[in-house]
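Enquirer:
Chains as they are written, first to last, in full-length UniProt numbering: chain A, 1 to 321; chain B, 1 to 202.
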């Protein structure tokens, strides 16, 4: 059921601490074979066995998409998160065996574009690292505008500016540098596509500004992984499976369903891809929709939920699962 | 009014809408014949749009009755040209100078909209971001699938290919790349058995 999420057994072969917040991990196949190629912008879902809890977190692949010897990801430590990034930072050691999914791309380059305009905020740089390597091969035209908090936290700034001195522009918040988005978007030649990956506010800013300037939405691409947020515990009945599951405070509905042994569909686990969309058969309470997928009508109807990030508060919830 | 409601058809067949003002830095409007009426409706809906509009109009048999009203809409540039083919260099030049934020509005016959859309998509605008509104003649630009020749302004089904002389059945199967509907030999299996031509949508 978990379409496209075929698994790969890998070994952690290198861990590099880049700065206070970001650490890079290198995975190679445990059987010594080659990994699949991918396309820039793809992510992999990393399985973490954390004291009985299985965590499945998506991370953008940042290595060269044509390099089949290894994948690399960069993980930003989130001290307030649910623990996936802390597990990666504190528990994973070189030589550990892990399981990752086949690459899935929900943020691919539109290769019809005449020019690729990339806007990154913080750790949102990672998908662009792979995309830039892909464009290097294709001699694609790109421009990267990368905002980070400070030079100390500017992951990969040196590598990017050294390799692409004319295409990479870096902005440091602590030096009061900011992307002049209005001006940047106004001067782009016809056929430019814009890609943004970063905090929610940055994505909204780029989407709103580009729409107001008349950019077609087909030329505006964004990726934001939502981490499932904690919430009040609730109970869900799975009608097809005939079981009732308790969803804990710090687990997502999807995780609770999986814990009960149900193979539910998913891809991104971040409210973006639509794969886990589930029909609601009965409900008495309030939905806490957090995804980017459902249309307003779907939410209003109360007939659909995205269990990867959304929750429920109330007495009864029956899902068609 | 010069509007025509096309009956529902296969998904290949283009579907046209109603031009609506959209935010943008610049506006390129290309119309032929009664397509001018759609531009005038647009001007009535949002007169300010025309301050940054480049209008390319091909009267195509409508004489000069739309010239004054289009001038009165006060576009930044109004070009009235003798034919679509003659306006192509201008369209390409405008597109090559344009930046993201350009809005494209096409109105009039299917042949004009299809060909102008081809230019706009070749310049990098997604086809779904280009607005179209059909006005006037339902004549079609047809490609003979046998000799690949294009016959403009086909009004009957079947019709005779202007290039190879085969009698062609008018299909709704459309090619965005050629900006033309496909015409297929109607009497291939029974040569000479050709039904009487019927005017399209009559």
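Just so it is clear, CB atoms sit at the ideal spot from N, CA and C, and this is done for glycine as well.
None of the values given here were measured: they were computed from a predicted structure.
#1: Locate the beta strand (DSSP E) running through residue 181/B, then write down its first and last residues.
#2: Give the range of the beta strand (DSSP E) segment to which residue 143/B is assigned.
#3: Which residue comes first and which comes last in the alpha helix (DSSP H) that contains residue 18/B?
#4: Taking residue 48/B as the reference, which of 72/B, 68/B and 37/B has the closest Cα?
#5: Exposed or buried, what is residue 291/A when buried is set at 16 or more other beta-carbons lying within 10 Å of its beta-carbon?
#6: Can you find the residues in the same chain that come closer than 7 Å, C-beta to C-beta, to residue 177/A, ignoring five residues on each side of it along the sequence?
#7: Can you confirm whether residue 73/B, when its beta carbon is compared against all beta carbons of chain A, has any partner nearer than 8 Å?
#8: Would you give the residue range spanned by the beta strand (DSSP E) that residue 285/A belongs to?
#9: So what does DSSP say about residue 98/A, is it helix, strand or coil?
#10: Are residue 109/B and residue 33/B close, meaning C-beta to C-beta below 8 Å?
#11: By the three-class DSSP mapping on this structure, what secondary structure does residue 175/B have?
#12: Which whole-angstrom value describes the C-beta separation of residue 27/A and residue 10/A, a residue pair presumed to lie in contact below a C-beta threshold of 8 Å?
#13: Helix or strand or just coil, what does DSSP make of residue 6/B?
#14: By the three-class DSSP mapping on this structure, what secondary structure does residue 234/A have?
#15: Report the neighbours of residue 212/A on chain B: residues whose CB is nearer than 7 Å to its CB, in chain order.
#16: One question on the structure: do residue 304/A and residue 294/A come within less than 8 Å of each other, judged by their Cβ atoms?
#17: Output the distance between the C-alpha atoms of residue 3/A and residue 264/A, rounded to the nearest integer angstrom.
#18: Three Cβ pairs or more, each shorter than 8 Å: is that satisfied between the stretch 32-40 of chain A and the stretch 97-108 of chain A?
#19: Does any residue of chain A have a CB that is nearer than 8 Å to the CB of residue 99/B?
#20: Mind listing the chain B neighbours of residue 182/A? Cutoff is C-beta to C-beta under 9 Å, in chain order.
#21: So which residues of chain A does residue 123/B contact, with C-beta pairs closer than 9 Å?
#22: Could you tell me which residues DSSP puts in a beta bridge with residue 148/A?
#23: At what residue ranges does the stretch 196-224 of chain A contain a whole run of the beta strand (DSSP E), taking only runs of 3 or more?
#24: Please classify residue 1/A as buried or exposed, where buried requires at least 16 other C-beta atoms within 10 Å of its C-beta.
#25: Is residue 28/B close to chain A, meaning its C-beta is less than 8 Å from at least one C-beta of that chain?
#26: Along the chain, where does the alpha helix (DSSP H) that runs through residue 85/A open and close?
#27: Contact defined as beta carbons within less than 8 Å: I believe residue 40/B pairs with residue 69/B. What is the distance between those atoms, to the nearest angstrom?
#28: Between which two residues does the alpha helix (DSSP H) harbouring residue 134/A extend?
#29: Run through DSSP, which three-state label would residue 57/A get?
#30: Would you mind stating whether residue 123/A and residue 74/A have Cβ atoms separated by less than 8 Å?
#31: Going by other Cβ atoms of all chains shown within 10 Å of its Cβ, with 16 needed for buried, is residue 198/B buried or exposed?
#32: If you run the structure through DSSP and keep just helix, strand and coil, what is residue 95/B?
Expert: Put simply:
#1: Start and end: 180-185.
#2: DSSP places residue 143/B in the uninterrupted beta strand (DSSP E) bounded by 140-144.
#3: Careful: residue 18/B lies outside any alpha helix (DSSP H) and carries neither H nor E.
#4: Looking only at 72/B, 68/B and 37/B, the smallest Cα-Cα distance to residue 48/B is reached by 72/B.
#5: Counting other Cβ atoms within 10 Å of its Cβ, residue 291/A reaches 16 or more and is therefore classed as buried.
#6: Counting only Cβ-Cβ distances below 7 Å, and skipping sequence neighbours, we find 171.
#7: Not closer than 8 Å to any Cβ of chain A, the Cβ of residue 73/B fails to qualify, so no.
#8: Run containing residue 285/A: 278-288, per the beta strand (DSSP E) assignment.
#9: If DSSP states are grouped into helix, strand and coil, residue 98/A belongs with the strands.
#10: Taking C-beta atoms as the reference points, residue 109/B and residue 33/B count as a pair closer than 8 Å.
#11: Looking at residue 175/B - three-state DSSP - the assignment turns out to be strand.
#12: 4 Å between Cβ atoms; contact.
#13: In the three-state scheme derived from DSSP, where H, G and I count as helix and E and B as strand, residue 6/B is classed as coil.
#14: In the three-state DSSP reduction, residue 234/A falls in the strand class (E or B).
#15: Those are 23, listed as they occur along chain B.
#16: Their beta carbons are under 8 Å apart, which means residue 304/A touches residue 294/A by this criterion.
#17: Bear in mind that a pLDDT of 49 at residue 3/A, under 50, signals an unreliable position, so the model cannot answer this.
#18: As far as the Cβ criterion goes, the stretch 32-40 of chain A touches the stretch 97-108 of chain A, which means the pair count is three or higher.
#19: Flagged as an interface residue toward chain A: residue 99/B, by a C-beta distance shorter than 8 Å.
#20: Within chain B, no residue comes near residue 182/A; the closest Cβ sits about 11 Å away, beyond 9 Å.
#21: Neighbours of residue 123/B on chain A, chain order: 114, 190 and 191.
#22: DSSP, once it has assigned bridges, lists 172/A as partnering residue 148/A.
#23: Entirely contained in the stretch 196-224 of chain A, the beta strand (DSSP E) runs reaching 3 residues are, in chain order, 220-223.
#24: Low confidence applies here, because residue 1/A scores a pLDDT of 39, under 50, leaving its location unreliable; read the following figure in that light. Only exposed fits residue 1/A, as fewer than 16 other CB atoms lie within 10 angstroms of its CB.
#25: False, the Cβ-Cβ gap to chain A never drops below 8 Å.
#26: Per DSSP, residue 85/A belongs to the alpha helix (DSSP H) from 84-90.
#27: The Cβ separation is near 6 Å, so the contact holds.
#28: For residue 134/A, the uninterrupted alpha helix (DSSP H) run begins and ends at 126-138, by DSSP.
#29: Of the three classes helix, strand and coil, the one that applies to residue 57/A here is strand, per DSSP.
#30: Against a cut-off of 8 Å, the Cβ pair of residue 74/A and residue 123/A comes out as a contact.
#31: Residue 198/B is exposed by the Cβ-count criterion.
#32: In this structure, residue 95/B counts as helix in the three-state DSSP scheme.
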